[in-house]
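See below for the structure under consideration.
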Amino acid sequence: MSDKIQIEESSSLVVVKFLDQILDGNSPELIDTLSTILEKGKPEVHLDLEKVVIVSSLGISRLLSFKNKADEKKIAVKIINIQTKLKETLKKLMLDQFFGL
Numbered sequence: 002m003s004d005k006i007q008i009e010e011s012s013s014l015v016v017v018k019f020l021d022q023i024l025d026g027n028s029p030e031l032i033d034t035l036s037t038i039l040e041k042g043k044p045e046v047h048l049d050l051e052k053v054v055i056v057s058s059l060g061i062s063r064l065l066s067f068k069n070k071a072d073e074k075k076i077a078v079k080i081i082n083i084q085t086k087l088k089e090t091l092k093k094l095m096l097d098q099f100f101g102l
């Protein structure tokens with residue numbers, strides 16, 4: 002198991018818990034995790050950002066790409082447990098509705 006990402010699965014849901022304060026888009030772990038989740042094809046994915054304080058610009062790009070690919074596969078993606086300041090940042094980028102915040 003990773004020290005930066007934890008995955009919990011049920012028959013219809015995958016919860017991805019990011020355990021680091023920084024969500025780095027350069028992380029091979031992030032890329033592999035998101036790719037694996039798309040391959041599994043579960044109908045719903047929750048991205049738990051409770052511990053995340055900062056998302057790099059590439060991290061935002063990776064999340065956007067993941068959401069777009071998930072939409073193509075009819076996989077619902079939702080961000081949960083987001084820090085207030087990070088939520089405000091996503092609102093400023095007009096991404097809050099895109100991620101269901």
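This note's numbering puts the sequence shown at residues 2 to 102. We put the beta carbon where it would ideally sit given N, CA and C, even for glycine.
1. DSSP on K86, reduced to helix/strand/coil?
2. Pick from K93, Q98 and E10: whose alpha carbon is nearest that of E45?
3. Can you tell me whether S28 is buried or exposed, with buried defined as 16 or more other CB within 10 angstroms of its CB?
4. With C-beta atoms as the reference, is D21 less than 7 Å away from K5?
5. Using the beta-carbon count (16 or more within 10 Å), is D49 buried or exposed?
Reading from the atomic positions:
1. Residue state, collapsed to three classes: helix.
2. With distances taken between Cα atoms, E45 lies closest to E10.
3. In this structure S28 is buried. Its beta-carbon is surrounded by 16 or more other beta-carbon atoms within 10 angstroms.
4. Yes, they are a contact pair.
5. D49 is buried by the Cβ-count criterion.
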